[in-house]
Amino acid sequence: MKPTIVLVHGAFAESASWNEVIGRLRAEDHRVVAAPNPLRSLSGDAAAVSAVLASIDGPVVLAGHSYGGAVLSNAAVGHAHVKALVYVAAFAPEAGESIGQLSGMFPGSTLGETLHEIPLPDGTVDLYIRQEKFHQQFIADVPADRAALDAVTQRPLNTTALNEGSGEPAWKTVPSWFIYPELDRNIPLEAHRFMAKRAGARTAVELPGASHAIAASQPGPVADVILQAAAFVA
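In our numbering, the protein residues as written are -15 to 218.
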């Protein structure tokens, strides 16, 4: 039985950011689910993805991009049918770590200087990448017209999600695969290398010249790593 592949988008993106990867996975006869990620709080977002996982029968490969990696690290806990985790330019926090802490652990992130803040009535703040900064910051290796569309449709990350510490992560007990870009301006390259090593990744692929949004800009290599994880499970 082939595993179902569940995809979790990250901040400043939405489920359609996986479209080019989804086509490649479906061509290999996998059932694919792009889970909604509310981007409101780490615990709440993980609970939402956990509910999706609970609805799926049979083995699951769970893949996440960027903040989606932190979400899947928490969502997979308690689901024995989640057999593999794939981190796609993604955070893999230790218990108690927030993605904000991980972003600043090594030099190189320029995300903070590109953000537009919208205060909300509950006292939290929604964070967007300024549209004029989006191409270079988030997805530099796609044409400008595609980046402009993605800038308009981006979904904001709430500061609660940015600052909330992780629970005990699933990567400690579930095999993991990592793929990440050389020229990531959101998550420093050394942070990717550190997290992959700490998690004991079975594979860690570094994409030369690629930017943060590799599911959109480098869908072939990303799909290949997810399919490697799926082959391990099958």
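Glycine is no exception: its CB is placed at the ideal position from the N, C-alpha and C atoms.
Check                                                                                : Outcome
Best match in P153, R177, A214 and L133 for proximity to I163 [C-alpha to C-alpha]   : R177
Beta-carbon proximity list for I83, same chain, < 7 Å, skipping 5 on both sides      : Y51, A54, F75, P77 and L146
Proximity below 9 Å, CB of R169 to CB of T94                                         : yes
For G28, the first and last residue of its enclosing alpha helix (DSSP H)            : L26 to A38
Contact check, S(-1) vs L(-9), beta carbons under 9 Å                                : yes
Residue from S25, P105, E190 and V17 with nearest C-alpha to W161                    : E190
Boundaries of the beta strand (DSSP E) in which A188 is found, first to last residue : T187 to L191
Rounded C-alpha distance that separates Y71 from H49                                 : 6 Å
Endpoints, beta strand (DSSP E) assigned at P165                                     : S160 to P165
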